[in-house]
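Please read the structure below before turning to the comments.
Number of protein chains: 2
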Amino acid sequence: MAEGLRERKKRETRQRISDIATGLFLEHGFVTVTIAEVAEAADVSVNTVYNYFPAKEDLFFDRSAGVVEQLSRWVRARDEGESAARAVLRELRAEVEAVSPRIGLMAGYDRFMRVIHEAPPLRSRLWSLQQEIHDHLEATLREEAGAPDGDPLPGLIAGQLSWCHQTVFVTVGREMLKGRNPDEVSREVLVLLDDIEELLSEKVLNYAVRGAQ
Amino acid sequence: MAEGLRERKKRETRQRISDIATGLFLEHGFVTVTIAEVAEAADVSVNTVYNYFPAKEDLFFDRSAGVVEQLSRWVRARDEGESAARAVLRELRAEVEAVSPRIGLMAGYDRFMRVIHEAPPLRSRLWSLQQEIHDHLEATLREEAGAPDGDPLPGLIAGQLSWCHQTVFVTVGREMLKGRNPDEVSREVLVLLDDIEELLSEKVLNYAVRGAQ
DNA sequence: CTTAAATTTTGCAATGACCCCAAAGTTTAA
DNA sequence: TTAAACTTTGGGGTCATTGCAAAATTTAAG
């Protein structure tokens, strides 16, 4: 389990590059900061940056690792007698109610959002993330519901659940971008979550109940 | 209303560039074909290509103009006593049943899909289109339902309806990409549409009924 | 401690999208 | 016929991204 010098240095270098890059992006925007500037500020060569990050956008979204599996984890961890949708809604409510920075409810998130808002490549990358979340969730639901291969239902339910997830994130992002207060936004989004739940059909709300069948 | 020589030439040049570009992309893929090659094949300078198309992706999606307003048009044209959702489902069924090339049910669409599938920038552009469709629809629904400014419902319903739309398009695209037969896919997607409708709540299905209130 | 192998960093060169500007060519309208 | 309006083009530049081989660093073997 001991970590060699080489491993530690790699991890440190990667972290340093990511941190410095994010700082520069928050300061000057995504498009205006060049990879060369990031490299210089991190005191490495441009090629080293590319050694760790396949594309410029990855420098910005580095910390968002684990987001892709989040929804799937929530579904897998649902309680006895609880459906996938109920679990997702419960976890979303918990995050919002806790004013969790994980969903953007924190001071300074507006600066983060502004960078994304002004950079088409970053918005693209976010959509790509959404897609990954959806696909991951679809696979999870197929498993958890024991659905046969041709069954379109897991895909459809995944669509509905990632829509819930996405709506919450987009709303939080939009409101924080306006410079709103996290606590205020939290309250509003809790109401929004009720609206969302009311729009889901029973079929969605009762899919993949743990223990059923 | 007479069209001058200048206008005609511009339109022709634009069309020629777009056609030749699409041909080259279908033949060799999006990434491998350079703008310079397109320009040369269309017998214009690289700068002229950029005069007409802001980005390389626009060369490929040129013909898809009008898709953004499609959903909104369907909603606006809904029948007396019909809700927004019912109108959208009805129109989608009509398109699918008619094996319409407008939604990709045509021979050769697999080549089109393959190009998109293999080119991340094209997929990004598609998501961007989806986003535009959603936002456009949200504005339309807000108007048609006479919803007040703070009301989140138009946005939520827009999310559900563009999800229906998107699901149909994605499914058609995926199946056609496999080399399936348009008529077969049409039949399957009609069934899928039934599944989709069953997943929509009454609230969604009854939003913005023409004539109500 | 020394050295060869494995791994990481770097420099260099290229490709291609995209932008800016000014010159040259074309079309319109007076 | 000609000046104004508009389009095309050439040239030059920035920057993301890639490939390659040399140089530096770390590890492990002796």
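Protein chains in written order, with the numbering used here: chain W, 193 to 405; chain H, 193 to 405.
All C-beta atoms, glycine included, are put in the ideal place defined by N, C-alpha and C.
These numbers come from a predicted model, not from an experiment.
Within the DSSP bridge table, the entry for H/Leu392 names W/Leu392 as partners. Excluding the 5 residues flanking it on each side, H/Leu397 has same chain C-beta neighbours closer than 7 Å at Ser275, Ala277, Arg278, in chain order.
Cα atoms of H/Ala286 and W/Met368: separation of roughly 41 Å, rounded to the nearest angstrom. A direct Cα-Cα distance of roughly 9 Å separates H/Gly300 from H/Gly371. Proximity of W/Ser316 to chain H, defined by a Cβ-Cβ separation below 7 Å, is satisfied.
Residues of the stretch 352–368 of chain W with a C-beta atom less than 7 Å from some C-beta of chain H are Gln352, Trp355, Thr359, listed in chain order. H/Tyr399 is a Cβ neighbour of H/Ile349, given a cutoff of 7 Å. Cβ neighbours of H/Ala233 within its own chain (closer than 7 Å, five residues either side excluded): Ile212, Leu216. Assignment of W/Lys370 by DSSP, reduced to helix, strand and coil, places it in the coil class.
At a beta-carbon threshold of 9 Å, the residues of chain H lying near W/Asp387 are Pro344, Leu345, Leu348, ordered along the chain.
Inter-residue distance for W/His309 and H/Asp327 is about 15 Å (C-alpha atoms, whole angstroms). Excluding five sequence positions before and after W/Gln322, the CB atoms of its chain that fall closer than 8 Å to its own CB belong to Ser354, Gln358, given in chain order. Apart from sequence neighbours up to five positions away, the residues of its chain that approach H/Val223 with a beta-carbon distance below 7 Å are Ala311, ordered along the chain.
Counting only Cβ-Cβ distances below 7 Å, H/Val396 has contacts in chain W at Leu391, in chain order. Taking 7 Å as the cut-off, the Cβ atoms of H/Glu390 and H/Leu281 do not count as close.
Rounded to the nearest whole angstrom, the CA to CA distance from H/Leu333 to H/Ser316 is 26 Å. Residue burial annotation: W/Ser237 is exposed, with fewer than 16 other C-beta atoms found within 10 angstroms of its C-beta.
Considering only beta carbons, no part of the stretch 263–276 of chain H lies closer than 9 Å to chain W. DSSP places H/Leu281 in the helix class (H, G or I) of the three-state scheme. If the five residues before and after W/Leu218 are omitted, its C-beta is found closer than 8 Å to the C-beta atoms of Arg303, Phe304, Val307, all from its own chain and listed in chain order.
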